[in-house]
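>
Numbering (this note's numbering), first residue to last: 1372 to 1679.
(1) DSSP three-state call for residue 1614: helix, strand or coil?
(2) Exposed or buried, what is residue 1412 when buried is set at 16 or more other beta-carbons lying within 10 Å of its beta-carbon?
(3) With burial defined as no fewer than 16 other Cβ atoms inside 10 Å of the residue's Cβ, what is the status of residue 1577: buried or exposed?
(4) DSSP state of residue 1460, grouped into three classes?
(5) Under the assumption that residue 1602 contacts residue 1584 (Cβ atoms under 8 Å), give the Cβ distance between them as a whole number of angstroms.
(6) With hydrogens ignored, establish whether the beta-carbon of residue 1488 is closer than 7 Å to any heavy atom of the ligand SAH.
(7) Would you tell me roughly how many angstroms separate the C-alpha atoms of residue 1508 and residue 1642, rounded to the nearest one?
(8) Between residue 1479 and the rest of its own chain, which residues show a CB-CB distance below 6 Å, the 5 nearest in sequence each way excluded?
(9) With DSSP run on the structure shown, which of helix, strand or coil describes residue 1542?
(10) Are the CB atoms of residue 1422 and residue 1465 within a distance shorter than 8 Å?
(11) Compute the distance between the beta-carbons of residue 1599 and residue 1637, then report whether it is under 8 Å.
(12) Please state whether DSSP places residue 1524 in a helix, a strand or coil.
(13) Is residue 1433 helix, strand or coil by DSSP?
(14) Give the secondary structure of residue 1593 by DSSP, where H, G and I count as helix, E and B as strand, and everything else as coil.
(15) Since I believe residue 1491 is in contact with residue 1461 (beta carbons under 8 Å), could you give me their beta-carbon distance rounded to a whole number of angstroms?
(16) For residue 1551 and residue 1596, I'd like the C-alpha separation in whole angstroms.
(17) Measure how close the beta-carbons of residue 1426 and residue 1524 come, nearest whole angstrom, since I'm counting them as under 8 Å.
(18) With distance defined between alpha-carbon atoms, name the residue in 1522, 1569, 1539 and 1568 nearest to residue 1556.
(19) In this structure, how does DSSP classify residue 1608 when only helix, strand and coil are distinguished?
(20) Less than 8 Å between the beta carbons of residue 1586 and residue 1612, yes or no?
(21) Judging by CA-CA distance, which residue of 1526, 1570 and 1548 is the nearest neighbour of residue 1535?
(22) Which residues in the same chain as residue 1440 place their Cβ atom closer than 8 Å to its Cβ, once the five residues preceding and following it in sequence are excluded?
(23) Rounded to the nearest angstrom, how far is the Cβ of residue 1647 from that of residue 1620, given a contact under 8 Å?
(24) Let me confirm a value: residue 1415 is counted as buried when at least 16 other C-beta atoms fall within 10 Å, else exposed. Which label applies?
(25) For residue 1424, report the span of its alpha helix (DSSP H) as first-last.
(26) Using DSSP with H/G/I as helix, E/B as strand and the rest coil, what is residue 1505?
(27) Beta-carbon within less than 6 Å of residue 1502's beta-carbon, same chain only, minus the 5 sequence neighbours each way: which residues are those?
(28) Are the C-beta atoms of residue 1410 and some chain B residue less than 8 Å apart?
(29) Please state if the CB of residue 1563 and the CB of residue 1590 are separated by a distance shorter than 8 Å.
(30) When the distance is taken between beta carbons, is residue 1559 closer than 8 Å to residue 1528?
(31) Using C-beta distances below 7 Å, list every residue in its chain close to residue 1530, excluding the 5 sequence neighbours before and after it, in chain order.
(32) Between the C-alpha atoms of residue 1582 and residue 1573, what's the straight-line distance to the nearest angstrom?
(33) Residue 1588 to residue 1568, Cα distance in whole Å?
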């Protein structure tokens, strides 16, 4: 929207009282319009700051990305005004995220729908997930496919989940792995974890500990706590790798630092066994490489689709 500046008409040398009043009104309207434009610009900035998704390739890179769980409720008003004044689908998408966070799913779908119709890839991911929650898995799969083909990383991950689990399509582990690999190549840690889990479990492909460890290790390096746990379990059991309780404890400790409850439990277990020092106990190497898993230890599950 372009600003319109009021100009004095030089053709009238003498201003009557009415003309002077009209001139003052024109100047006043110009000032009001500039104030409105400034407010609209500020709301666009606030919307980008408060609701820009880490998986949105078209977000405003001037601001740090915001996870959906961290969106502030004040983003709703900012993003609504930002969209109303620009018509930019990015703001419609970010409005959808803010509405979704504030438990306004119906309005969120309407906002996503606006962005989807404008061809905004990131909006297709969240709109697809909401369609899936409503029981329309075929539409969910279609939106993931469109967004993934546009290069959206999280859409690629969710499409991998869809092919793995048969959501809106026939299960196809080769395609699932292909899409997970594409997402992992772009830095998605959960996609790397899921590839590891597929080879670790051996239900969908031939079981391969070495391949599983390689993908778990990549995911763990990227900060994935589930991968840290599974690596720890494999080191503890000597599964596909030489048993190493110290390394297992290290993995459990890192997962615990990420807030993983099971990781904290396993790390405390290692402390009790003397593998690593406890709060007041000295370190010991006794039994470091001989620990094995016991029946009933927790199993880690593969991830489901994510929204952005």
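Glycine is no exception: its CB is placed at the ideal position from the N, C-alpha and C atoms.
Keep in mind that this is a model prediction, so the values were computed, not measured.
Let me lay it out:
(1) Residue state, collapsed to three classes: coil.
(2) When all chains shown are included, residue 1412 counts as exposed.
(3) Exposed, since its Cβ has fewer than 16 Cβ neighbours within 10 Å.
(4) Residue 1460 carries a helical assignment under DSSP once its states are collapsed to helix, strand and coil.
(5) Between residue 1602 and residue 1584, the beta carbon gap of about 7 Å places them in contact (Cβ cut-off 8 Å).
(6) Absence of the ligand SAH from the depicted structure is noted, as is the absence of any ligand whatsoever, leaving it without description.
(7) Inter-residue distance for residue 1508 and residue 1642 is about 46 Å (C-alpha atoms, whole angstroms).
(8) Apart from sequence neighbours up to five positions away, the residues of its chain that approach residue 1479 with a beta-carbon distance below 6 Å are 1467, 1470 and 1471, ordered along the chain.
(9) DSSP, reduced to helix, strand and coil, places residue 1542 outside both helices and strands of the structure shown, so it counts as coil.
(10) Result yes, Cβ atoms of residue 1465 and residue 1422 sit closer than 8 Å.
(11) With respect to the 8 Å criterion, residue 1599 and residue 1637 are not classified as neighbours on the basis of their beta carbons.
(12) Reduced to three states, the DSSP call for residue 1524 is helix.
(13) Residue 1433: coil per DSSP, three-state reduction.
(14) Coil.
(15) So it is a contact: roughly 7 Å between Cβ atoms.
(16) In this model, residue 1551 and residue 1596 are separated by some 18 Å (Cα to Cα).
(17) Confirmed, Cβ separation roughly 6 Å.
(18) The shortest C-alpha separation from residue 1556 is found at 1522.
(19) Note: residue 1608 maps to helix in three-state DSSP.
(20) Taking 8 Å as the Cβ cut-off, residue 1586 and residue 1612 do not qualify as a contacting pair.
(21) Residue 1548 is the option with its Cα nearest to residue 1535.
(22) Within the same chain, Cβ atoms closer than 8 Å to the Cβ of residue 1440 are found at 1472, the five residues on either side in sequence being excluded.
(23) Right, the Cβ-Cβ distance comes to about 5 Å (below 8 Å), so this counts as a contact.
(24) Flag for residue 1415 reads buried.
(25) Note, residue 1424: premise wrong, no alpha helix (DSSP H); not H, not E.
(26) The answer is coil: DSSP assigns residue 1505 none of H, G, I, E or B.
(27) Beyond the five residues adjoining it in sequence on each side, residue 1502 comes within less than 6 Å, by CB distance, of 1510 and 1511 in the same chain, given in chain order.
(28) Looking for chain B here will not work: only one protein chain is present.
(29) Closer than 8 Å, so yes.
(30) Contact flag set, yes.
(31) If we look at residue 1530 and ignore the five residues flanking it on each side, its Cβ neighbours are 1515, 1516, 1519 and 1550.
(32) Approximately 11 Å between the Cα atoms of the pair.
(33) If I take the Cα positions, the gap works out to 12 Å.
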